[in-house]
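Those letters in the sequence shown? Residues -28 to -1, 1 to 344, per mature numbering (1 follows the signal peptide of the UniProt record, and there is no 0), in order.
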Amino acid sequence: MLSKSIQITATAASILLILLIGCPRADAQGGENCWNTSDGRVCEITQPLVNGDPLDEATRKARGLVIVNGGCSGILLNRYWVLTARHCITNEPAGATAGVDIGSPAFPANQVTITAAWDPTLSAQASDYYEFAVNRNLAAGALPARDIVMVYLGLGDLGPVAGILPYIAEPEGTAPDRWTGVRLQTTDQIIQNGQGFGTFASGAFLANGQADPRNPPQQATGLGTYRSGQFTPSDISTTGYTLTLNSAAQVGQGGDSGGPTLVGRRDGRGLAVAGVQSTCSATGHVPHAPLPAGASNPGWEWATGISGCQYVSVEPLVREIGEAVVRAPVCKTDAECASTTLPLILDYVLADAAPAATASLTTITHYLTSDE
């Protein structure tokens, strides 16, 4: 989880106790720095951000967080590819249950806008999608098997970004067509990112649709502000997992669809993407809340509680992700693409040994230049 620094004096024992009660053990131990002053010994400790504190601009850019079509969340795998929930690019009817109605037709790619979460002036239209094999060539009207898709920006990119690639197994030294996904464990501490509502709705409407003056309804607020929280996954399967309310009373909400789950790579070399948010389970809505046109349930802005959210895992999809990323068509004509994409891939596929590096470089160059 993100952290911020605070200063306390060693004599303020009661304050220190309060601060540490809500802190994970690792955060309380890490980043501690003490020195003596005229007022006594002062310590700087790392305190976790709780209650969905917003992510700062630098963190949003470092994680490649984006906004998909003005509402959904997503992440840049590199400069040109966005991973998000498939229902975020479909013609879902208003009020439809996200992730259930994902069989709706997708928008034409050029009608999907990707905006940088770190700079709202940076936007680009998509030029294509990558549909995963499990979702291709389904019978008419059939629901896609997985609520996940890759959106290709092509030449309309958002500028250089670090990029975060999928959660793959070690050891390194294999090309993307040999990647193996890693399954989350119930002991993992993951970081979930999203830009959903920061509060729940409250109050009530009368049966006639008018606001109840005794308990005026208040909509959920905070949509559009990226936040993150630390969770432990549950209900883990080969294709997905669930995140339930954590100890800081955080949980995914409406507006977080497509939000990436980040986990520390087991080799200690940064973060990897483990999956994206698909659906959430509301525990209630404001009574008699107005319904959007064509909806069978009140919108998320009237949800009074959420018990947990479901996520699509990248575990069985990592090879497809890797191959799509390194075979971006623009790399055939744009030298800058090769110069930014190639090092990112090599960071994943090259071992430290020079012979392995040489072999992998040859393989990656083939992907960047072939038409196969």
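Just so you know, even glycine gets a beta-carbon here, dropped at the ideal spot from N, CA and C.
Endpoints, alpha helix (DSSP H) assigned at residue i
| i | result |
| --- | --- |
| residue 349 | Coverage of the chain is limited to positions -28 through 344, which leaves residue 349 absent and any answer about it impossible. |
| G294 | V290 to V298 |
Extent of the continuous beta strand (DSSP E) run through residue i
| i | result |
| --- | --- |
| R199 | R199 to F203 |
| G280 | A275 to S285 |
| Y124 | V121 to Y124 |
| V235 | P232 to G236 |
| L215 | G212 to T216 |
| S209 | Element bounds for S209: n/a, residue is neither H nor E. |
| G256 | L243 to H257 |
Through-space distance from residue j to residue i, alpha-carbon basis
| i | j | result |
| --- | --- | --- |
| A221 | I163 | 14 Å |
| D319 | A81 | Confidence in D319 is poor, its pLDDT being 47 and thus under 50, which makes the residue's placement too unreliable to answer from. |
| S45 | P148 | 25 Å |
| V298 | E103 | 16 Å |
| I86 | L37 | 10 Å |
| Q19 | L243 | Bear in mind that the predicted position of Q19 carries a pLDDT of just 29, short of 50, making it unreliable; the figure below should be weighed with that in mind. Approximately 20 Å between the Cα atoms of the pair. |
| G196 | A57 | 17 Å |
| residue 375 | V123 | With the chain covering only -28 through 344, there is no way to say anything about residue 375. |
| W90 | G256 | 33 Å |
| V245 | A78 | 24 Å |
| A141 | R155 | 9 Å |
| N41 | Q83 | 8 Å |
| R291 | S200 | 27 Å |
Exposed unless 16 or more other CB atoms sit within 10 angstroms - verdict on residue i
| i | result |
| --- | --- |
| residue 354 | Residue 354 cannot be examined here, being either before or after the span of the chain that is shown, -28 to 344. |
| G170 | buried |
| T193 | exposed |
| D228 | buried |
| E29 | exposed |
| N180 | exposed |
| R118 | buried |
| T251 | buried |
| Q157 | exposed |
| A88 | buried |
| S209 | exposed |
| S219 | exposed |
| D207 | exposed |
| Q182 | exposed |
Q.
If we require 4 or more residues per run, which alpha helix (DSSP H) segments fall completely within the region 29 to 110?
A. 29 to 34
Q) Is the region 48 to 66 in contact with the region 124 to 140, if contact means three or more CB pairs nearer than 8 Å? A) yes
Q | Any beta strand (DSSP E) of 3 or more consecutive residues that is wholly inside the region 136 to 180 | A | 162 to 166
Q) Would you say the region 277 to 286 touches the region 208 to 219, given that touching needs at least three Cβ pairs under 8 Å? A) Touching, yes.
Q.
With three or more beta-carbon pairs closer than 8 Å as the criterion, would you say the region 256 to 266 touches the region 226 to 245?
A. no
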